[in-house]
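Okay, so here's the structure we're looking at.
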Amino acid sequence: MKTRLLAVPLMLVALAACGGSKRPPVVKGGPGGPSATSTGRSDGSTAPLPSDSGPDVQPVDNDMARGEDFTVSDPETGEGGPLEDVHFDYDQFSLTDAARTQLDHHGAWLKAHTGAKVMVEGHCDERGTVEYNLALGDRRAHAVRDYLVSLGVAGSQLQTTSYGKERPLDTGSTDEAWARNRRAHFSVSR
Amino acid sequence: MERTASPSRASSSRASSALVLGGALAAALAAGPLAAARGAAQLPPPAQAPATTLIFDPGGAQRVAVPDCIPKRADEASREACRTITQVLRADLKFEGLFRFVPDELMSAIKPLDPEHPDFTDWRGIGATYLVTLQAIVNGPDLQVEAKVYAPESGQTILSRRYSGKNDAPRSYAHQASDEIVALTGFRGVARTKIAFVSNRDAPAKGRQSKELYVMDYDGFNPRRVTVNRNINILPNWNPDGRSLSYVSYRQGQPDVYVASIYEGRSANLTNGRGQSFAPSFSPDGKRIAYSSNRGGNMDIWVANADGSGAHKLTDTAALDTAPTWSPTGQEIAFTSDRGGTPQIYLMDSEGLNVRRLTTVGNWNDAPSWNPSKQYSEIAYTSRIEGGFEIAVIDLASRQVRQVTLGRGSCEYPSWAPSGRHLTFSCGRGRSWQVAVADRLGQSVQTLTGGSNKNEQPDWGP
Chain V
1 MKTRLLAVPL
11 MLVALAACGG
21 SKRPPVVKGG
31 PGGPSATSTG
41 RSDGSTAPLP
51 SDSGPDVQPV
61 DNDMARGEDF
71 TVSDPETGEG
81 GPLEDVHFDY
91 DQFSLTDAAR
101 TQLDHHGAWL
111 KAHTGAKVMV
121 EGHCDERGTV
131 EYNLALGDRR
141 AHAVRDYLVS
151 LGVAGSQLQT
161 TSYGKERPLD
171 TGSTDEAWAR
181 NRRAHFSVSR
Chain Z
1001 MERTASPSRA
1011 SSSRASSALV
1021 LGGALAAALA
1031 AGPLAAARGA
1041 AQLPPPAQAP
1051 ATTLIFDPGG
1061 AQRVAVPDCI
1071 PKRADEASRE
1081 ACRTITQVLR
1091 ADLKFEGLFR
1101 FVPDELMSAI
1111 KPLDPEHPDF
1121 TDWRGIGATY
1131 LVTLQAIVNG
1141 PDLQVEAKVY
1151 APESGQTILS
1161 RRYSGKNDAP
1171 RSYAHQASDE
1181 IVALTGFRGV
1191 ARTKIAFVSN
1201 RDAPAKGRQS
1211 KELYVMDYDG
1221 FNPRRVTVNR
1231 NINILPNWNP
1241 DGRSLSYVSY
1251 RQGQPDVYVA
1261 SIYEGRSANL
1271 TNGRGQSFAP
1281 SFSPDGKRIA
1291 YSSNRGGNMD
1301 IWVANADGSG
1311 AHKLTDTAAL
1321 DTAPTWSPTG
1331 QEIAFTSDRG
1341 GTPQIYLMDS
1351 EGLNVRRLTT
1361 VGNWNDAPSW
1371 NPSKQYSEIA
1381 YTSRIEGGFE
1391 IAVIDLASRQ
1401 VRQVTLGRGS
1411 CEYPSWAPSG
1421 RHLTFSCGRG
1431 RSWQVAVADR
1441 LGQSVQTLTG
1451 GSNKNEQPDW
1461 GP
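Protein chains in written order, with my numbering: chain V, 1 to 190; chain Z, 1001 to 1462.
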């Protein structure tokens, strides 16, 4: 398991170094989150490992080595955290290309953090009824879950729930507010 | 203490005769909610009335006089109780929409009422078909109210009641009297009914958003909080016994169906995390609960016994099925499904068979509520109309649709009064939502809640 322990921080560093990050890492040495990269899916298999001779690094038995101790994130949006919200079109539960790109990173993170349990919450904008939106949120959460499982994430890491329109991020009634509220949110516990 | 008046609740009589919606309603539909004559809103009661009864004739000349309550002793407490009782009884009777009233100017033009021996000649002279007299006296913590209904034409006493109890809720005395007076017409009064609703009024300004359940009198007074778990508690639905509410709570993480015994302050989780469960609805006999659940992998309609046992699936499609509501007989269930591509309302029998689509107009019809009165065969629901959401009602015989709300923002979550003559719903947008009540045709709409928070998802109970 040593190589696995080693691979995770290296992969994360690699991710952060790939550029295209929407914002600077919030904590020095932190994971950098699943921010956008130009390399598509990152499942950790591409992280460079020394292979010529004997090991030139060894695992450091220190919590800091996991690079995830001080993740600073907004619990409402997941911003800055490992798994940001993904968004949906109005009255839709199919995943947009942008959502798939984000979820590719979420999938990589989840496979690298198999101890993490995630509640996928489906949310909706305020238009439409309470009842319908609860069902729509359920479908959104399941669409996200199904996609993550298709990437190889263990189903046991994922639970789903729906809040419909009961917990908006933005209580405004504008197109922007509605767009923010149509989301799958990831509540991570370890 | 829910009510202080001593007499037992008047037996409510509901008409069972089949009634045909006539041309007046069709005219109302064509002309929009504001144009129809008020009298068209009400259908006459059955003719099996007892001897002591009020003749209900909305188009006729009948007038009810409700002069000021007379304190039996001239102390301020008795006067204050009298003022409240007069005001509330007048509002209650007006709300029912069954009566026309003798104007105040005419009542003040005759000599003051002697409640024990009214001068019927005077009251006949100002056109009072019925005279309601009220007297009240406060003795320390106690309040006693006497209500009588006379027919000045014959001098007959139609109703005579004495209500004794505590003086902490004088409004309830007037509500009791109103319901007994309405019962004389053959209709069921709603003055003592309660409305459950959801509000974020007690949520902290910052941090986790929470919604709690509340109940209030039908006129918006006396709101009381039911849930206190500071989580999301939504979708209330009364048990027809008026003592418990089913609802959905996230208090254990996942949305589950709960039943709260509101006067005992207990609640029980009926679904216990078996899938996510929403939109509970008690059967008319209170013995079963229909709800929607994804327990079987997809959102379907389920039904269980009132304690949650014996849960089984009624629908089984890949579509989204939710928002069940029972017919007055309990033999049918209406629900929302998007199996046809858009959310529409469907009917089935309560075993899940014989499914057929009800709504065909519009591309979004959802959240049905079946009128509980067998007098009116109709279902209220939420409909997307010109980009907004409005309350609409569909007549089950003619399939004609009428729009109840207009220009109040988005409106949703319709729920009928037990009488079937009024309904409640919530309207608003963004941060501000309010609970409103309206008559069947939407001619008169009153807002019951206020403030800049969300007061929504009302369910009208017994």
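In this text, a Cβ means the ideal position worked out from N, Cα and C, and glycines have one as well.
This structure is a prediction, so every number in the text was calculated from the model and none was measured.
Name the residue from K1166/Z, G1430/Z and A1128/Z whose alpha carbon lies nearest to the alpha carbon of N1453/Z. Stepping through the second sequence from its first residue, residue 1453/Z is reached at position 453. Nearest C-alpha to N1453/Z: G1430/Z.
If T954/Z sits next to M1299/Z, beta carbons under 8 angstroms apart, how far is it from one beta carbon to the other, in whole angstroms? Since the displayed chain Z opens at 1001 and closes at 1462, residue 954/Z lies outside it and no answer follows.
Are there 16 or more other CB atoms within 10 angstroms of the CB of T1227/Z, so buried, or fewer, so exposed? On the second sequence, position 227 is the one that residue 1227/Z refers to. By the 10 Å Cβ count, T1227/Z comes out buried.
Please list the partners that D89/V has in chain Z, where partner means a Cβ-to-Cβ separation under 7 angstroms. Mapped onto the first sequence, residue 89/V falls at position 89. Under the 7 angstroms cutoff, chain Z gives no residues; its nearest Cβ is about 16 angstroms from D89/V.
Beta-carbon spacing of I1232/Z, L1093/Z below 8 angstroms: Sequence index remark: in the second sequence, residue 1232/Z carries index 232 (1-based). Sequence index remark: in the second sequence, residue 1093/Z carries index 93 (1-based). Not closer than 8 angstroms, so no.
Fully enclosed by the stretch 1106-1182 of chain Z, which alpha helix (DSSP H) runs are 4 residues long or longer? 1120-1125
Here's a check: name, in chain order, each residue in its chain whose Cβ is nearer than 7 angstroms to the Cβ of S1210/Z, leaving out the five neighbours to either side. Taking the second sequence and counting its residues from 1, one reaches residue 1210/Z at position 210. Result list for S1210/Z: N1200, A1203, R1230, N1231 and I1232, in chain order.
Give me the subset of the stretch 125-138 of chain V whose CB atoms are less than 9 angstroms from a CB atom of chain Z, sorted by chain position. E126, R127, G128, T129, V130, E131, Y132, L134, A135, L136 and D138
Going along the chain, which residues of the stretch 1295-1315 of chain Z sit with their C-beta nearer than 8 angstroms to a C-beta in chain V? M1299
So which residues on chain Z does S173/V lean against when the C-beta distance must stay under 7 angstroms? Counted from its first residue, the first sequence places residue 173/V at position 173. The contacting residues are R1429 and G1430.
May I ask which residues mark the beginning and end of the alpha helix (DSSP H) holding T1359/Z? Along the second sequence, read from residue 1 onward, the residue named residue 1359/Z stands at position 359. Neither: T1359/Z is in no alpha helix (DSSP H) and is coded neither H nor E.
In angstroms with no decimal places, state the Cα-to-Cα distance between G1352/Z and R1251/Z. Within the second sequence, residue 1352/Z is the residue found at index 352, counting from 1. Within the second sequence, residue 1251/Z is the residue found at index 251, counting from 1. So the alpha carbons of these two residues sit roughly 30 angstroms apart.
What residue range is occupied by the uninterrupted beta strand (DSSP E) comprising Y1464/Z? Nothing about residue 1464/Z can be read from this structure; chain Z reaches only from 1001 to 1462.
If you compare alpha carbons, which of D175/V, L95/V, V130/V and L110/V is closest to M119/V? As a position in the first sequence, residue 119/V is number 119, starting the count at 1. Among D175/V, L95/V, V130/V and L110/V, the Cα nearest to that of M119/V belongs to L110/V.
Can you tell me whether P168/V is buried or exposed, with buried defined as 16 or more other CB within 10 angstroms of its CB? Taking the first residue of the first sequence as position 1, residue 168/V is located at position 168. Buried is the call here.
If contact means a Cβ-Cβ distance below 7 angstroms, which residues of the stretch 1208-1234 of chain Z contact chain V? Q1209, K1211, I1232 and I1234
Relative to the C-alpha of Y1247/Z, which candidate in P1115/Z, S1337/Z and V1198/Z has its C-alpha closest? Working through the second sequence from its first residue, we reach residue 1247/Z at position 247. Answer by Cα proximity: V1198/Z.
Between which two residues does the beta strand (DSSP E) containing W109/V stretch? In the first sequence, residue 109/V corresponds to position 109, counting from 1. Careful: W109/V lies outside any beta strand (DSSP E), inside the alpha helix (DSSP H) at D97 to A112.
Taking only beta-carbon atoms, is L1320/Z less than 8 angstroms away from chain V? One-based indexing of the second sequence puts residue 1320/Z at position 320. It does: the Cβ of L1320/Z has a partner Cβ on chain V nearer than 8 angstroms.
Can you have a look at S1309/Z and say buried or exposed, based on whether 16 or more other CB atoms are within 10 angstroms of its CB? Taking the second sequence and counting its residues from 1, the one referred to as residue 1309/Z is at position 309. Classification for S1309/Z: exposed.
Candidates A1319/Z, N1365/Z, W1433/Z and I1394/Z: which alpha carbon is nearest F93/V's? In the first sequence, counting from the first residue as 1, residue 93/V sits at position 93. Nearest option by C-alpha distance: A1319/Z.
Euclidean distance between Cα positions of G1341/Z and G1409/Z: Taking the first residue of the second sequence as position 1, residue 1341/Z is located at position 341. Taking the first residue of the second sequence as position 1, residue 1409/Z is located at position 409. Each residue's alpha carbon lies about 26 angstroms from the other.
How would you write the range of the beta strand (DSSP E) that V1198/Z sits in, first residue to last? One-based indexing of the second sequence puts residue 1198/Z at position 198. Its beta strand (DSSP E) spans residues K1194 to S1199.
Mapping the DSSP letters down to three states, classify K1072/Z as helix, strand or coil. Within the second sequence, residue 1072/Z is the residue found at index 72, counting from 1. Reduced to three states, the DSSP call for K1072/Z is coil.
Beta carbon proximity, D1459/Z to chain V, threshold 8 angstroms: Sequence index remark: in the second sequence, residue 1459/Z carries index 459 (1-based). False, the Cβ-Cβ gap to chain V never drops below 8 angstroms.
Since E1412/Z contacts V130/V with CB under 8 angstroms, what's their CB separation in whole angstroms? Here the question's residue 1412/Z lines up with position 412 in the second sequence. Here the question's residue 130/V lines up with position 130 in the first sequence. The pair is a contact, with the Cβ atoms about 7 angstroms apart (cut-off 8 angstroms).
With contact counted as at least three CB pairs below 8 angstroms, one residue from each stretch, are the stretch 1419-1433 of chain Z and the stretch 1160-1178 of chain Z in contact? no
Inter-residue Cα distance where the pair is K1194/Z and A179/V: As a first step, residue 1194/Z is located in the second sequence; it is residue number 194 there, counting from the start. As a first step, residue 179/V is located in the first sequence; it is residue number 179 there, counting from the start. Between K1194/Z and A179/V, the C-alpha separation is close to 37 angstroms.
Are P1170/Z and A1091/Z close, meaning C-beta to C-beta below 8 angstroms? Indexing the second sequence from 1 puts residue 1170/Z at position 170. Indexing the second sequence from 1 puts residue 1091/Z at position 91. No, Cβ-Cβ distance for P1170/Z and A1091/Z is not below 8 angstroms.
Just verifying my parser: in three-state terms, what is the DSSP assignment at K1313/Z? The residue you call residue 1313/Z lines up with position 313 of the second sequence. Note: K1313/Z maps to strand in three-state DSSP.
What does the Cβ neighbour count give for A1128/Z, buried or exposed, with the cut at 16 atoms within 10 Å? Position 128 of the second sequence holds residue 1128/Z. By the neighbour-count rule (16 or more Cβ atoms within 10 Å), A1128/Z is buried.
Taking the C-alpha atoms as reference points, what is the distance between E166/V and A1436/Z? Numbered from its first residue, the first sequence carries residue 166/V at position 166. Numbered from its first residue, the second sequence carries residue 1436/Z at position 436. When rounded, the distance between both Cα atoms is 20 angstroms.
I need the DSSP call for R1188/Z, collapsed to helix, strand or coil. Position 188 of the second sequence, counted from the start, is the residue given in the question as residue 1188/Z. It is coil, neither helix nor strand.
Please go through the stretch 1286-1330 of chain Z and give each complete alpha helix (DSSP H) segment of 4 or more residues, from N-terminal end onward. none
Contact check, P1368/Z vs I1379/Z under 8 angstroms by CB: the rounded distance? Here residue 1368/Z corresponds to residue number 368 of the second sequence, with the count starting at 1. Here residue 1379/Z corresponds to residue number 379 of the second sequence, with the count starting at 1. P1368/Z to I1379/Z, Cβ: 5 angstroms. Contact.
In terms of DSSP beta bridges, what is D1395/Z paired with? In the second sequence, counting from the first residue as 1, residue 1395/Z sits at position 395. Note: D1395/Z sits in a beta bridge opposite E1378/Z.
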